[in-house]
Amino acid sequence: MTEPDDPFDTWLHGQVDPLRPPPGTFNQISKRAQRRKMRRAAMSAASAGAAAALIVVAVVAVPKLVPSLHTTPKPAADSVMSPPKLSPSQRPATTPVTKTPMSSAATSTGTPGVAADFAPSSVTFITLDTGYVIGQAPDCGAADCTSMAETGDAGKTWASVPAPQTGAPDGSTGVSQVRFLDTDHGWAFGPQLYQTGDGGQSWQPVDTFGLRVTGLETVGNMAYAVFAQCSGSGASYGADCKHVSVYSSPVGSDTWTPMTGLQSLGFNQGYVSGKIVLTHGEGYFYAPDGLLYGGSTSQGSAWTQLGTAALPCQPSNGSADGGPTGGQLAASAAGHLALACPGTSGSNQEDIYTSIDNGLSWQELAVVTVAGSPTSLAAGTSGVLTLSTTGGIYASQANGVKWSQVLQGPAGGFSYVGLTSATQGVAVPAEPAQSNSVWFTFDGGSGWTPSSIKKS
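Each residue of the sequence shown is one higher than the one before, counting from 2 in my numbering.
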């Protein structure tokens, strides 16, 4: 716990505002938006009956926009608003403030299209058919090769879309993850943070004042992110973290605010980050010390510690995608949680636990023998559980009691698995440079098929 007069703690309570684009940007955006609306009209006709957005394991409805948190009038569209001004005493001496130049990062006008060497690193879906993928195209011929693509037919075809003008994760810079709530609002993060309100036609950098964003999820009309002070280098930007905090922002707002009681949680917990899990109406934070926090996802709701005991296992040091390794948490519905922990009987064992009372008590269901290291856990509403590892994908059709390996490989296994419905899901390879594909299941995790991401 920090002292009451700790300058870092004072600084951490401040709000975070995105930098504004340079003059003339919105004229360009308007022209692109008109072309984009025509293309989306055709896409939406094919997917009008689809389910709503996937957030890790949750399916949510497209929200009604909420007002901005700002109490003062916003500047004109062609003006520039400066980020919050902090005095030197309010900033941590060990974490210098770095700002992305407006001239190179405020918009995405020169972003390259999806190339043959595109290597996906993250995927998000807003309906069963419509989703986005972000990654790198190393041979794009530019300094920053971050690229994005979208699909309107569940991975049958892909089309390139603008991406933030930044590179792959390298310590405190770059992005590797993406989340979209609807066709307008999205976030690219890990470790930097960018947000869009026009379907990715323009991306605004959020000045996080030296903190790294190691996780972000969104549901309903709220977005939640993990902000942490980390020292991990290269692609392991989410490793060696402390001062882990949860920030929230209403969709449609440009202000991120630290949540009361969820600040500087990991200072003495072995330098690990934490994980946010969202489901209908309920949010959870798997904290660095293994404690579980949660509460309503309605705007202004506070999250509190759930129970007095830690979960059966603690998260461990961060992985290359920012999330903690060790314990893997998922939710199928409010109050219904699943947890995969390193097995006590061997290094290739995973102990599977479930809770039906918001994490107050846990029941061990199975011990699963796995190849490689677990990377992600997803829970469906019909009792389906899927576990990705660096050796493949494992699935249970019986509420976690009986498991089988349903996919071996590719080389390096998978870094992420998620479920968009009881039968449909998607997974991202852990070493995407070997393939420009993401993988889909349409039978509840039993069979998986690669979808090649090519510019259409």
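Don't be surprised by glycine CBs; every beta carbon is placed ideally from N, CA and C. Model, not experiment: these values are computed from the prediction.
Reduced DSSP category for residue i - H, G, I as helix; E, B as strand; rest coil
{"i": "P451", "result": "strand"}
{"i": "P121", "result": "strand"}
{"i": "P206", "result": "strand"}
{"i": "P170", "result": "coil"}
{"i": "P433", "result": "helix"}
{"i": "Q306", "result": "strand"}
{"i": "I135", "result": "strand"}
{"i": "L292", "result": "coil"}
{"i": "F443", "result": "coil"}
{"i": "S438", "result": "strand"}
{"i": "L361", "result": "coil"}
{"i": "L266", "result": "coil"}
{"i": "A144", "result": "coil"}
{"i": "Q196", "result": "strand"}
{"i": "K403", "result": "coil"}
{"i": "I127", "result": "coil"}
{"i": "G187", "result": "strand"}
{"i": "A160", "result": "strand"}
{"i": "V278", "result": "strand"}
{"i": "A150", "result": "strand"}
{"i": "V273", "result": "coil"}
{"i": "V176", "result": "coil"}
{"i": "A236", "result": "coil"}
{"i": "S104", "result": "Note that S104 scores 24 on pLDDT, short of 50, meaning its location in the model is unreliable and no value can be drawn from it."}
{"i": "R37", "result": "The pLDDT assigned to R37 is 49, lower than 50, so where the model puts this residue is not dependable, and the model offers no usable value."}
According to DSSP, residues forming a beta bridge with residue i
{"i": "M260", "result": "DSSP, once it has assigned bridges, lists no residue as partnering M260."}
{"i": "D352", "result": "C342, V368"}
{"i": "I394", "result": "S389, L408"}
{"i": "S254", "result": "None; S254 has no bridge partner."}
{"i": "P316", "result": "G327"}
{"i": "V247", "result": "V227"}
{"i": "L378", "result": "L388"}
{"i": "V214", "result": "F228"}
{"i": "S297", "result": "E283"}
{"i": "Y417", "result": "V429"}
{"i": "H337", "result": "A334"}
{"i": "V220", "result": "M223"}
Residue from the options with nearest C-alpha to residue i
{"i": "V429", "options": "A116, A117, T125", "result": "T125"}
{"i": "T450", "options": "N222, P411, G142, T128", "result": "P411"}
{"i": "W440", "options": "I394, P343, L279", "result": "I394"}
{"i": "T376", "options": "G419, M149, L129, A367", "result": "G419"}
{"i": "W257", "options": "L338, Q300, V402", "result": "Q300"}
{"i": "V368", "options": "I357, D358, T345", "result": "T345"}
{"i": "S173", "options": "S234, S274, L263", "result": "S234"}
{"i": "G168", "options": "N349, F190, L217, W304", "result": "F190"}
{"i": "T387", "options": "T215, V245, F415, S362", "result": "F415"}
{"i": "S161", "options": "I135, V214, P170", "result": "I135"}
{"i": "S177", "options": "Q264, Y133, D154", "result": "Y133"}
{"i": "P139", "options": "T158, A117, A150", "result": "A117"}
{"i": "Q230", "options": "V207, S362, Q196, A240", "result": "A240"}
{"i": "S333", "options": "C342, S348, S356", "result": "S356"}
{"i": "N359", "options": "Y294, A150, W204, D183", "result": "Y294"}
{"i": "I127", "options": "I454, V427, L366", "result": "V427"}
{"i": "Y248", "options": "S237, S362, V207", "result": "V207"}
{"i": "V278", "options": "D255, G336, H244, P313", "result": "G336"}
{"i": "L312", "options": "Y287, A303, Q398, S232", "result": "Y287"}
{"i": "N222", "options": "R213, S254, Y238", "result": "S254"}
{"i": "A236", "options": "V407, D154, R213, L408", "result": "R213"}
{"i": "D352", "options": "L366, L361, S438", "result": "L366"}
Rounded distance between the beta-carbons of residue j and residue i, thought under 8 Å
{"i": "G282", "j": "T298", "result": "6 Å"}
{"i": "G175", "j": "P163", "result": "With 8 Å as the limit, G175 and P163 do not qualify as a contact, their Cβ atoms being about 17 Å apart."}
{"i": "V137", "j": "T147", "result": "It should be noted that the sequence gives Gln, not Val, for residue 137. Yes, they are in contact, since the Cβ atoms of Q137 and T147 sit about 6 Å apart, within 8 Å."}
{"i": "Y225", "j": "G291", "result": "About 19 Å separates the two Cβ atoms, so there is no contact after all."}
{"i": "T424", "j": "G401", "result": "Not a contact, Cβ separation roughly 18 Å."}
{"i": "L340", "j": "G328", "result": "6 Å"}
{"i": "G413", "j": "E432", "result": "3 Å"}
{"i": "T421", "j": "L129", "result": "6 Å"}
{"i": "H250", "j": "S265", "result": "Per the sequence presented here, residue 250 reads as Ser, with His not at that position. Rounded, the Cβ-Cβ distance is 19 Å, inconsistent with contact."}
{"i": "A372", "j": "A331", "result": "Rounded, the Cβ-Cβ distance is 20 Å, inconsistent with contact."}
{"i": "C242", "j": "T209", "result": "Not quite, the Cβ-Cβ distance comes to about 13 Å (not below 8 Å), so this is no contact."}
{"i": "V252", "j": "T219", "result": "7 Å"}
{"i": "S397", "j": "Y417", "result": "The pair is not a contact, with the Cβ atoms about 18 Å apart (cut-off 8 Å)."}
Contact test: residue i Cβ vs the ligand HEM heavy atom, cutoff 7 Å
{"i": "Y395", "result": "Inclusion of the ligand HEM in the displayed structure is not the case, the ligand content being empty and no account of it being possible."}
Short CB-CB distance (under 8 Å) between residue i and chain B
{"i": "H186", "result": "Among the protein chains of the structure shown there is no chain B, as only one such chain exists."}
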